[in-house]
Every structure is written in structure tokens, then in C-alpha cells.
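Residue numbers (my numbering): 3 to 262.
Below you can see the structure in the form of C-alpha cells.
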């Protein structure tokens, strides 16, 4: 289920970053808002029709499986998580990338943690772990702290690798925001300090049982595993942009024999 969400996220991200026009993105958001009443909205293009058809069927399928495992409907929660993600992705494109507004450091980290899917994927995956988890628990301060902290780790790792490319493209990231008040070298050093602080805080939240916490360990582990995936993908380079290197890692895990 985690892998399915990642694949779906990749398609959504591609559309909202560049593949779909701004009008098509607004159209997609309205379709998701209406959901079962999507026919009353209509499609701006064939591209939107194909995208929403696949997206709708995928979420309906996942929601049905989640309902069986949880013993209650969670479809509205899943839809709202995706809706929040899409709206913030569009805001990044329309407001930030166009230069209309420049976010503060805290606003940037909060928004980009969500658009990096640090909230949607771990929270959605909770429904499929074999543990019944309540709506209140998924909206608790503890869960919020976990996705926020893991999101910062993921976002910072990505920004450190993509900063040179994004500077050339005049895109906003944490490095370019900090460079408004310091040199690039100082900005990178500061970011690495923020990264380590959040990594340690996340590990503490995952391993140390809070007094009165009702969150099962298996649920907390998802956030740590997600940050480990990001560290593997972005600690040395941007793994998504070097397909051959990622393919070699996959071969080593699944096909090549271990050396004794």
C-alpha cells in the first residue's frame, strides 16, 4: 500500500509541477472536492479526464480495503489528505515559484513537508498495518509531531541535493531562502544543523514512549522508515534523477547474491 501511494503521488506531483496547466490543476482540485458528484464539474481537457478517472478508481479501491481493515469508512479522510496536498502544491506553483510571495523558513518547511508527502503517505498507510486506529489518534499532537519532524528531514535532504539545479531554475528551496541573509556555505552548514536536530528529535519521538501515549510502536516506525528511505535516496545525490544508480541498488537488493 505504501508503494501504491508513492506511485500515485508521483503522477499527482508531475501534473501539479508542470504536466498540467494551472487551469487544469484548479479543475482537478474541484473534481476531488466534489468527488462522487464529479460529473457536475466537467473536464477542462482529455488529460484531466484520464488523470481523474485513474485517481478516482485508485482512491476508491484503497478506501474500500481500508474500511474492511478498520471496520469504519475512512474515505473522507483519505480524500481530504490528497486535497490538502494538491492545494499546497498549486500554491507553491502559483505563489512561490512565480515570485509573487516569498515564504518564511517555518512556512516553507511546514508546507513542503506536506507536499513531500510526509503527512499523506505515513498517515494513509496506518490504515493497512493490521491495527485499528481512531480518527482522534491520527489527528493527535503526537502524530502531527512525527510527520512534521520526518517531513523536515525529508525536505532538507532533498533541498541539499537539488539546491544547485533549483538556483539555476530560480526555484525556491531552503538554501536559497537562507542565502538572503548569509553565504551559500553558511546556509548549507545551517541546514545540516537543522537536519541533524530534526533527525535526532524524530528518533527520540519514535523510540521513547510518551506518558499516556496510545500510539502503537508499529505506527511510529512508519515515520522513521520513511525518513530512512529519504536518507538513502538523497544523502549522496538525487536518486530519482540518476535512474541507473537506483536500478543498481534495486538489483543488489533483489537479485545479486550476498558476498559471504
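Positions of the beta carbon are idealized from the N, C-alpha and C atoms, including for glycine.
Excluding the five sequence neighbours on either side, which residues of its own chain have a C-beta within less than 6 Å of the C-beta of residue 160, listed in chain order?
Excluding sequence neighbours, residue 160 sits near 236.
Kindly indicate which residue of 131, 26, 40 has the alpha-carbon position closest to the one of residue 220.
Of the listed residues, the one whose Cα sits closest to residue 220 is 131.
Using the Cα positions of residue 22 and residue 16, report the straight-line distance between them to the nearest angstrom.
8 Å
What do you reckon, are the CB atoms on residue 63 and residue 47 nearer than 8 Å?
no
Could you tell me the alpha carbon to alpha carbon distance between residue 230 and residue 100, rounded to whole angstroms?
32 Å
Mapping DSSP to helix, strand and coil, what is residue 20?
helix
Beta-carbon proximity of residue 147 to residue 207, cut-off 8 Å:
Residue 207 is positioned such that its CB atom lies closer than 8 Å to that of residue 147.
Between the Cα of residue 197 and those of 156, 95, 245, 184, spot the shortest distance and give me the residue it belongs to.
156
Assign residue 108 to one of three DSSP states: helix, strand, or coil.
helix
Going straight from the alpha carbon of residue 149 to that of residue 41, what length do you get?
34 Å
Please state if the CB of residue 133 and the CB of residue 218 are separated by a distance shorter than 8 Å.
yes
How about residue 190 and residue 177: are their beta carbons less than 8 Å apart?
yes
With C-beta atoms as the reference, is residue 92 less than 8 Å away from residue 31?
yes
Nearest-angstrom Cα separation, counted from residue 3 out to residue 127
Answer to the nearest angstrom: the Cα atoms are 7 Å apart.
Pick helix, strand or coil for residue 127, following the three-state DSSP scheme.
helix
Smallest Cα separation from residue 10: which of 43, 86, 123, 185?
123
Please confirm whether residue 121 and residue 83 have their CB atoms less than 8 Å apart.
Residue 83 sits close to residue 121, with the two beta carbons spaced by under 8 Å.
If you follow the alpha helix (DSSP H) that residue 209 is in, where does it begin and where does it stop?
186-209
Residue 59 lies in the alpha helix (DSSP H); which residues open and close that run?
48-72
For residue 117, three-class secondary structure by DSSP:
helix
Should residue 107 go down as buried or exposed, given a rule of 16 or more other Cβ atoms within 10 Å for buried?
Residue 107 should be labelled exposed.
Go through its chain and collect everything with a Cβ distance to residue 140's Cβ below 8 Å, but skip five positions before and after it.
Closer than 8 Å at the Cβ level, and outside the excluded window around residue 140, lie 79, 125, 128.
Whole-angstrom distance between residue 54 and residue 259, CA atom to CA atom:
42 Å
Would you mind stating whether residue 85 and residue 34 have Cβ atoms separated by less than 8 Å?
Between residue 85 and residue 34, the gap from beta carbon to beta carbon is short of 8 Å.
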